[in-house]
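K.L.:
I am attaching a structure below and will ask some questions about it afterwards.
6 protein chains.
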Amino acid sequence: MTNNTGITDTVRTALREDIGSGDITSLLIDEAKISKAIIISRQDAVICGLEWAVEVFRQLDKRVKLHWHVKDGDKASANQILCNLEGPARALLAGERTALNFLQTLSGTATRTARYVAAIQGTHAKILDTRKTIPGLRHAQKYAVRCGGGMNHRMGLYDAILIKENHIEAAGSLENAIARSQQARAGVPVEVEVETLDQLRRALAAGVKRILLDNMSIEQLSQAVAITGGRAGLEASGGVNLNNVRSIAQTGVDYISVGDLTKDIEAVDLSMRFEH
Amino acid sequence: MTNNTGITDTVRTALREDIGSGDITSLLIDEAKISKAIIISRQDAVICGLEWAVEVFRQLDKRVKLHWHVKDGDKASANQILCNLEGPARALLAGERTALNFLQTLSGTATRTARYVAAIQGTHAKILDTRKTIPGLRHAQKYAVRCGGGMNHRMGLYDAILIKENHIEAAGSLENAIARSQQARAGVPVEVEVETLDQLRRALAAGVKRILLDNMSIEQLSQAVAITGGRAGLEASGGVNLNNVRSIAQTGVDYISVGDLTKDIEAVDLSMRFEH
Amino acid sequence: MTNNTGITDTVRTALREDIGSGDITSLLIDEAKISKAIIISRQDAVICGLEWAVEVFRQLDKRVKLHWHVKDGDKASANQILCNLEGPARALLAGERTALNFLQTLSGTATRTARYVAAIQGTHAKILDTRKTIPGLRHAQKYAVRCGGGMNHRMGLYDAILIKENHIEAAGSLENAIARSQQARAGVPVEVEVETLDQLRRALAAGVKRILLDNMSIEQLSQAVAITGGRAGLEASGGVNLNNVRSIAQTGVDYISVGDLTKDIEAVDLSMRFEH
Amino acid sequence: MTNNTGITDTVRTALREDIGSGDITSLLIDEAKISKAIIISRQDAVICGLEWAVEVFRQLDKRVKLHWHVKDGDKASANQILCNLEGPARALLAGERTALNFLQTLSGTATRTARYVAAIQGTHAKILDTRKTIPGLRHAQKYAVRCGGGMNHRMGLYDAILIKENHIEAAGSLENAIARSQQARAGVPVEVEVETLDQLRRALAAGVKRILLDNMSIEQLSQAVAITGGRAGLEASGGVNLNNVRSIAQTGVDYISVGDLTKDIEAVDLSMRFEH
Amino acid sequence: MTNNTGITDTVRTALREDIGSGDITSLLIDEAKISKAIIISRQDAVICGLEWAVEVFRQLDKRVKLHWHVKDGDKASANQILCNLEGPARALLAGERTALNFLQTLSGTATRTARYVAAIQGTHAKILDTRKTIPGLRHAQKYAVRCGGGMNHRMGLYDAILIKENHIEAAGSLENAIARSQQARAGVPVEVEVETLDQLRRALAAGVKRILLDNMSIEQLSQAVAITGGRAGLEASGGVNLNNVRSIAQTGVDYISVGDLTKDIEAVDLSMRFEH
Amino acid sequence: MTNNTGITDTVRTALREDIGSGDITSLLIDEAKISKAIIISRQDAVICGLEWAVEVFRQLDKRVKLHWHVKDGDKASANQILCNLEGPARALLAGERTALNFLQTLSGTATRTARYVAAIQGTHAKILDTRKTIPGLRHAQKYAVRCGGGMNHRMGLYDAILIKENHIEAAGSLENAIARSQQARAGVPVEVEVETLDQLRRALAAGVKRILLDNMSIEQLSQAVAITGGRAGLEASGGVNLNNVRSIAQTGVDYISVGDLTKDIEAVDLSMRFEH
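Residue numbers (our numbering), protein chains in the order written: chain A, 1 to 276; chain B, 277 to 552; chain C, 553 to 828; chain D, 829 to 1104; chain E, 1105 to 1380; chain F, 1381 to 1656.
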């Protein structure tokens, strides 16, 4: 269940950015005019963001009706009609850009994720996102990743712990660091980041169940999988792109985390067209 | 003067996304520990977003001190140190990701803008942004465009009017549409969008001072410049990219608006490193 | 299109002021009681503020129904019924004062504006407002000015530039100041403030298209119009009141900006009456 | 003690109205420039609103220093310097209008109140405000009334009860209405509104300690004072203005409530001048 | 009339606490599934908080329908069905805990109040609450006290004055302190706190109408009632509990204020059960 | 690291409740007066809430200085001085009640937790909280539980999954339910609730690592520990109180979750005393 409060607030902020002290262009449009419009995709894409677009028009004018032909996570092909809209022309025009901005941004993330997921098809690995997100859109982007077939890594600093080398130093030993990580919240997920196979072995010896392999070569990753022998979930991280993701997946790691999923945006080319 | 209230709120939202109910990793770090860290750029980039990064740490712990070696709009080269930080280790770690997310996103926009500006160097044209922005970041992105050497188009629906074909139809004539656009606010900027040279001639005849040339070919753009003869500012729009922007600029248009500047994000590769 | 988010928030703040920890008077009223009421104007007035009054009752109790006999900008005469209301008596009584406070304040601004507009009837000039507004009500007051037949000057520091003497000094010359004003945002409206006819001539020579004539006498204004000869829009400003506004308009200036429109409030005398 | 949270929020809203997406005029001013300025009153006035003005500059730039020569409630004479300011020129210019808008509005209320207070000097009566206030400014206006020498009536529907004719009807009798008014909160102040001397006698017989005399003539008011003989506090209300307030006060009533104090605004003429 | 804005905001905060970045458990539930559920009380209790529970589901999914069998202030017995719910299973599960948290907390306060009210049945005294409340829930708790049959003391520092020994010292005399307390707001309720019978006599001599007897013994309270002889309302305060409240009431005091009503919470045992 | 934004907002809400339109009692206190005060505990307690108290005075008047003699989690004995305060008397008095309300509420939770922790001293079990919290205070209460020596269960619906009988039915099998719980977020903690030993065996067979034993008898719990043999973490839940918690702990379960920790509040008896 998404947190609707979050969508309401995010859309309010976005509308405030675009409309500010009032839409002066609407003076050119008759107040009573009712229009019809469609949203189409001008490229193949995985669509994401329907609830945000709906909320944009709900906040502007409850009389706008939207009829969707897709749902979040669906694949759309170029020139496919995604939605029919009908309502006061002023509201349709006032909400057009903001609704499209949400849809094109989130569909961009879903589409990119789907490319990574397709690239490793047939392997055992799962595509994960990271905390490298666009400020203000983390929850929305993480939702888009799921729509694209990816899985979410931790949401933030509050729902999982990643133990790094400097934490281990501070705690005196890996065992101490793990013990401290469990002091406050029972069962909080713990992952340990390792940079060498030696560190990996120590983490396994300490009974760690999830290990991040930081910036390892394909060969190192393969060795890590062999060493681990299923005793822990392994996550490859660092420098992943569409060219190397399949090779990484084929090493047998369980997860591959990809910063590009959410730190970069390649907006999907959508447009809204009015029927005269 | 930027609107600090906006920065405060945007940063608060971003921290809430990352820290939520509390940073549980900080349990691994001694509360009294003071650390030093640096932010470096791992690539050539135009830097943008200092005030956002400062605000991140200000909200977390006022004892964190930042000493910057660049200012917004400066070019940084790979491996250059952008900032020295010193303060409580827990606050530095808690703010690291959010501060970098702001800097990498906004520097991405500034850097991309700078590439377009460089591409048309020596021509008369100016690079403009659009309203195709990441929801919640419009003001910040428009600031980043300026840092990259670009100019801002209108901020939103409230500070300028773009008259399109359907407005003209609704108003009965171009002249009527312009007259109506001036009814509410004295001196509001008006731009007319044209798709053909014929429409351009009619707009010029009506005394329009700013005209958007939508999706015209290089040849059409050149003709438009000739027809206009300096009577109005001309803006080329539609399908602009780094490959064609120089040709477009060489037609003699005054402005080139580029949706890619702000609808896509290519985060700059920054990192924060701790000195042990 | 007004920004409904703004109305929602402004009304919420106003209700919080009046109801605070709860309306204790409502204990005297039976919870189930349904009442009818009317809002009447006790004076001739231009009415403004319907959406705010509607939102007051919407936030209190969605069962309150309002049936309006006027719309914003309509002239009402003394003792005219503006609205019939029906709903839970507690909600009608709880919202009465806040709804009237919005209507009487905004109708006050609309009515005052209409007096200025009437005073210059037949001349070429337009009545403008200023940034001298009641804190928290700028958008609402600027809307009321439009309802009264006036036009809006810039909304704030963000949507137009007024170049004053000290800006010119700081920039070295008027030409430099204008150039700098165009650096950031393409096509941002620029007005230059002049205090003497000599300054006016220099502004015209620099090609300025909108000029504010600050505190000039009727004679100076007439000369200014003659000198300008239509080359720029002229705005008279400073010390304008209902006694002198017609003389000012008759000099031929294009705009007259009036601080009194929005910095002073003379509430329209409205009242809500309950049918027993 | 004023509620600072309220001031912070009110100022934030006002700055957002004026600065919106950013102060574009500040581009004409050197970022490093430090300026000095003064705020002067161009008329005799009772000053009110210092904390709001201070907060405006605090939110814009903490480096702005203000040195005040008056405090809230002080009388200032025409051309008196109220405040010296020093700080970044951009912040001074960005905050000028908003700070003045608060000061001129609230000083207007304080000054008007002081006129009423002066008009009844030597009598026993006190000047009260009402709930007819500018939406969003009730607390601030009520504070200004106190600065002008007036007293506050109830703040809103939550801190006192005014029993009117229709409440009495609903309750069956005045005694019942009073009893019900005391059910929820122990000791909540109760005032009964009467329109005739007969109603007054009944209210006195019921032991009411505070009575509002609605729209009575001077003669009726005098009789009411005689009938009451000190058994209750009497408040004259309805149609009070500067011409009749002294006659009303001389009837011997204890309080005179004046809607004009807060529903109308006559802004004090203040200005901010920069030293070059 | 309660302030619905307060309920909306309080519920939003509570849902944000529980749902945060999204309800991940809902993945286990079919999105289309409609469920029925009941809320029952597992103990005898006075029920309070219906509007908060309704708002929880309204914010999550407007399709959830609630049918209540009780209203606020009703007594429920163990195993009684309070409410039937029907709607999307995901929303029912997502809102269950938050809705119950409001109901069990507020019903706890109402139930505790009812116990105190029952304990003094037949006496003249009234049970009052205090300002010792759970931060963020004052209005809600004061409402719950009323539902339990108690009365509210002042809401906060803004709607009544309690003069204590140190105020009297600061003002020079009790008479001065009372006079100062009336300077700002006409008719603001004043209560004087006394610790000895001698102080009580002085307060009565000064004409005080409401007196708080702080930490007096039963005998002292009886003497205070005798001394006062109806000239003022007397409030016993300090160390009141269910064991001594009846003895205190039998002394003849008018009010007994009980901090335990709102500073402690003993949640009522409620549960929500799903019909499969 | 706590989320300071949360503390700031929670304190703002609490001050608004208590101060509302302004502290009218402060009129009795000289504005310039500087006072000293102490906060003492009148009972043995575990103290919690320092940051909230600090923030109360920070928002009221930055000149108030607090010098603490304890830190969160410390045990204080009756009559121990917790804090020395010095600052403007008005601010100290205005903040007294709100600061104490935070401290007494959160210390109440910490003290109660410490009692449970002491009761099971020497056993292997850990005390956990639940989602049964006071609306608006979840993060604060969970922090107080940690200060009292307890551990936090999941924060909300977003950071862990508890699979119940009806989830298993909906998914077809326990295995399916677990698989679905892992689809969205990699490594999200999963706990399965069982009511019988048979269900326990099935959960163990499915490899579940954390199991909640709902409402089992002491004997059943002992059997569950024996059956499990360390293959999963076991949590006893339901009907836990100070009388039976040690017996439960001695069965060998790993965790005991206690709703009473946070759904009930027994405020610690604190007071603030002024030095004259």
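We put the CB at the ideal spot given by N, CA and C, even for glycine.
Note that the structure is a prediction, hence the values are computed from the model and not measured.
Checking the sheet assignment: what are the DSSP bridge partners for N531/C?
P.N.:
Since the first residue of chain C shown is 553 and the last is 828, residue 531/C is not available in this structure.
K.L.:
Could you work out which residue in V1570/F, V1525/F, Q1562/F, A1458/F is closest to K1544/F when comparing CA atoms only?
P.N.:
Numbered from its first residue, the sixth sequence carries residue 1544/F at position 164. It is V1570/F.
K.L.:
What's the gap between the Cα of G984/D and the Cα of R131/A?
P.N.:
Translated into positions along the fourth sequence, residue 984/D becomes position 156. Translated into positions along the first sequence, residue 131/A becomes position 131. Spanning the two alpha carbons is a distance of roughly 47 Å.
K.L.:
Please report the straight-line C-alpha distance between S910/D and R783/C, rounded to a whole angstrom.
P.N.:
Translated into the one-based positions of the fourth sequence, residue 910/D becomes position 82. Translated into the one-based positions of the third sequence, residue 783/C becomes position 231. One detail in the question is off: residue 910/D reads as Leu in this sequence, not Ser. Linking L910/D to R783/C through their CA atoms gives a straight-line distance of about 42 Å.
K.L.:
Could you check if T1491/F belongs to the surroundings of the ligand FAD, using beta carbon to heavy atom distance under 7 Å?
P.N.:
By its list of ligands, the structure shown contains no ligand whatsoever, and the ligand FAD lies outside what it can speak to.
K.L.:
If the cut is a Cβ gap below 8 Å, which residues of chain C does T926/D touch?
P.N.:
The residue you call residue 926/D lines up with position 98 of the fourth sequence. Going along chain C in sequence order, the residues near T926/D (Cβ under 8 Å) are P687.
K.L.:
How many Å lie between D30/A and G688/C at the Cα?
P.N.:
For the purposes of this step, residue 30/A is taken as the residue at position 30 of the first sequence. For the purposes of this step, residue 688/C is taken as the residue at position 136 of the third sequence. Using only the alpha carbons, I get a separation of about 29 Å.
K.L.:
Note the first and the last residue of the continuous beta strand (DSSP E) segment covering L1131/E.
P.N.:
Sequence index remark: in the fifth sequence, residue 1131/E carries index 27 (1-based). From DSSP, L1131/E is part of no beta strand (DSSP E); its letter is neither H nor E.
K.L.:
Using 8 Å as the limit for Cβ to Cβ distance, is S769/C near chain E?
P.N.:
As a working mapping, residue 769/C is identified with position 217 in the third sequence. Chain E contact via Cβ: absent.
K.L.:
Using a C-beta to C-beta distance shorter than 9 Å, which residues of chain E count as neighbours of Y944/D?
P.N.:
Here residue 944/D corresponds to residue number 116 of the fourth sequence, with the count starting at 1. Those within 9 Å of Y944/D in chain E number zero; the least Cβ separation is about 14 Å.
K.L.:
If I'm right that V777/C touches T814/C with Cβ under 8 Å, what's the distance once you round it to whole angstroms?
P.N.:
In the third sequence, residue 777/C corresponds to position 225, counting from 1. In the third sequence, residue 814/C corresponds to position 262, counting from 1. Wrong, their Cβ atoms sit about 26 Å apart, outside the cutoff.
K.L.:
For I808/C versus I800/C, is the C-beta distance shorter than 8 Å?
P.N.:
In the third sequence, residue 808/C corresponds to position 256, counting from 1. In the third sequence, residue 800/C corresponds to position 248, counting from 1. Contact check for I808/C against I800/C passes: the beta carbons are separated by less than 8 Å.
K.L.:
Do A436/B and G601/C have their C-beta atoms within less than 8 Å of each other?
P.N.:
The count along the second sequence starts at 1 and reaches residue 436/B at position 160. The count along the third sequence starts at 1 and reaches residue 601/C at position 49. Result no, Cβ atoms of A436/B and G601/C do not sit closer than 8 Å.
K.L.:
With a CB to CB cut of under 6 Å and the five nearest residues on each side skipped, what residues in its chain are close to T1388/F?
P.N.:
For the purposes of this step, residue 1388/F is taken as residue 8 along the sixth sequence, with counting starting at 1. Same-chain partners within the cutoff: there are none.
K.L.:
How big is the Cα-Cα spacing for L510/B and S237/A?
P.N.:
Locating residue 510/B in the second sequence gives position 234, where the first residue counts as 1. Locating residue 237/A in the first sequence gives position 237, where the first residue counts as 1. The alpha-carbon atoms of L510/B and S237/A are separated by roughly 48 Å.
K.L.:
Measuring straight from C-alpha to C-alpha, what distance separates N793/C and G811/C?
P.N.:
Within the third sequence, residue 793/C is the residue found at index 241, counting from 1. Within the third sequence, residue 811/C is the residue found at index 259, counting from 1. Each residue's alpha carbon lies about 9 Å from the other.
K.L.:
Closer than 8 Å is the cut-off here; do at least three beta carbon pairs connect the segment 964 to 982 of chain D with the segment 870 to 884 of chain D?
P.N.:
yes
K.L.:
Closer than 9 Å by beta-carbon distance: list the chain C residues that pair up with A922/D, in chain order.
P.N.:
Stepping through the fourth sequence from its first residue, residue 922/D is reached at position 94. Neighbours of A922/D on chain C, chain order: L709.
K.L.:
Along the segment 601 to 621 of chain C, what residues have a CB closer than 7 Å to any CB found in chain A?
P.N.:
none
K.L.:
Would you check if the segment 1471 to 1481 of chain F and the segment 1431 to 1445 of chain F touch, i.e. whether three or more CB-CB distances between them fall below 8 Å?
P.N.:
yes
K.L.:
Give a yes or no on whether the minimum CB-CB distance between L1542/F and chain E is below 8 Å.
P.N.:
Translated into positions along the sixth sequence, residue 1542/F becomes position 162. Cβ-Cβ to chain E under 8 Å: yes for L1542/F.
K.L.:
Can you list the residues of chain A that K1506/F reaches, using a CB-CB cut of under 7 Å?
P.N.:
Translated into positions along the sixth sequence, residue 1506/F becomes position 126. Those within 7 Å of K1506/F in chain A are A186.
K.L.:
Any Cβ of chain C within less than 8 Å of the Cβ of Q908/D?
P.N.:
As a working note, residue 908/D is residue 80 in the fourth sequence. It does not: the Cβ of Q908/D has no partner Cβ on chain C nearer than 8 Å.
K.L.:
In terms of alpha-carbon separation, which member of T399/B, R430/B, R292/B, G349/B lies closest to T387/B?
P.N.:
As a working mapping, residue 387/B is identified with position 111 in the second sequence. The candidate whose alpha carbon is nearest that of T387/B is G349/B.
K.L.:
Thinking C-beta only, is I168/A closer than 8 Å to L174/A?
P.N.:
Along the first sequence, read from residue 1 onward, the residue named residue 174/A stands at position 174. Along the first sequence, read from residue 1 onward, the residue named residue 168/A stands at position 168. In this structure, L174/A lies near I168/A, with their beta-carbon atoms less than 8 Å apart.
K.L.:
Is the Cβ-Cβ distance between L1025/D and Q1010/D less than 8 Å?
P.N.:
Numbered from 1 along the fourth sequence, position 197 holds the residue referred to as residue 1025/D. Numbered from 1 along the fourth sequence, position 182 holds the residue referred to as residue 1010/D. Contact: no.
K.L.:
Are A206/A and I178/A touching if we call contact CB-CB under 8 Å?
P.N.:
As a working mapping, residue 206/A is identified with position 206 in the first sequence. As a working mapping, residue 178/A is identified with position 178 in the first sequence. For A206/A and I178/A, yes; Cβs fall inside 8 Å.
K.L.:
Excluding sequence positions up to five away, which residues of its chain have a Cβ less than 8 Å from the Cβ of A1180/E?
P.N.:
Here residue 1180/E refers to the residue found at position 76 when the fifth sequence is read from its first residue. Once the five neighbours on either side are set aside, the close Cβ partners of A1180/E are S1145, D1148, A1149, V1150, I1151, V1174, L1186.
K.L.:
Less than 8 Å between the CB atoms is what I'm expecting for T685/C and N929/D, so what's the real figure, rounded?
P.N.:
Here the question's residue 685/C lines up with position 133 in the third sequence. Here the question's residue 929/D lines up with position 101 in the fourth sequence. The Cβ separation is near 6 Å, so the contact holds.
K.L.:
Tell me which residue opens and which closes the alpha helix (DSSP H) that S774/C is part of.
P.N.:
Along the third sequence, read from residue 1 onward, the residue named residue 774/C stands at position 222. Start and end: 770 to 780.
K.L.:
Who pairs with P1468/F in a beta bridge, going by DSSP?
P.N.:
Locating residue 1468/F in the sixth sequence gives position 88, counting from the first residue. BP columns for P1468/F point to I1414/F.
K.L.:
Tell me the rounded alpha-carbon separation between D957/D and S271/A.
P.N.:
By 1-based counting over the fourth sequence, the position of residue 957/D is 129. By 1-based counting over the first sequence, the position of residue 271/A is 271. Going from the Cα of D957/D to the Cα of S271/A covers about 56 Å.
K.L.:
With a cut-off of 8 Å, does the C-beta of S1415/F fall near any C-beta of chain D?
P.N.:
Reading the sixth sequence from its first residue, position 35 is the one you call residue 1415/F. So, not an interface residue.
K.L.:
Hey, L27/A and A446/B: beta-carbon distance below 8 Å or not?
P.N.:
As a working mapping, residue 27/A is identified with position 27 in the first sequence. As a working mapping, residue 446/B is identified with position 170 in the second sequence. It is not a contact, given that the beta carbons lie outside the stated cut-off.
K.L.:
If the criterion is Cβ atoms closer than 8 Å, does the pair I1128/E and N1188/E meet it?
P.N.:
Here residue 1128/E refers to the residue found at position 24 when the fifth sequence is read from its first residue. Here residue 1188/E refers to the residue found at position 84 when the fifth sequence is read from its first residue. Contact flag unset, no.
K.L.:
Taking DSSP as the reference, what is the three-state secondary structure of I847/D?
P.N.:
Position 19 of the fourth sequence, counted from the start, is the residue given in the question as residue 847/D. In the structure shown, I847/D sits in a helix (DSSP, three-state: H, G or I).
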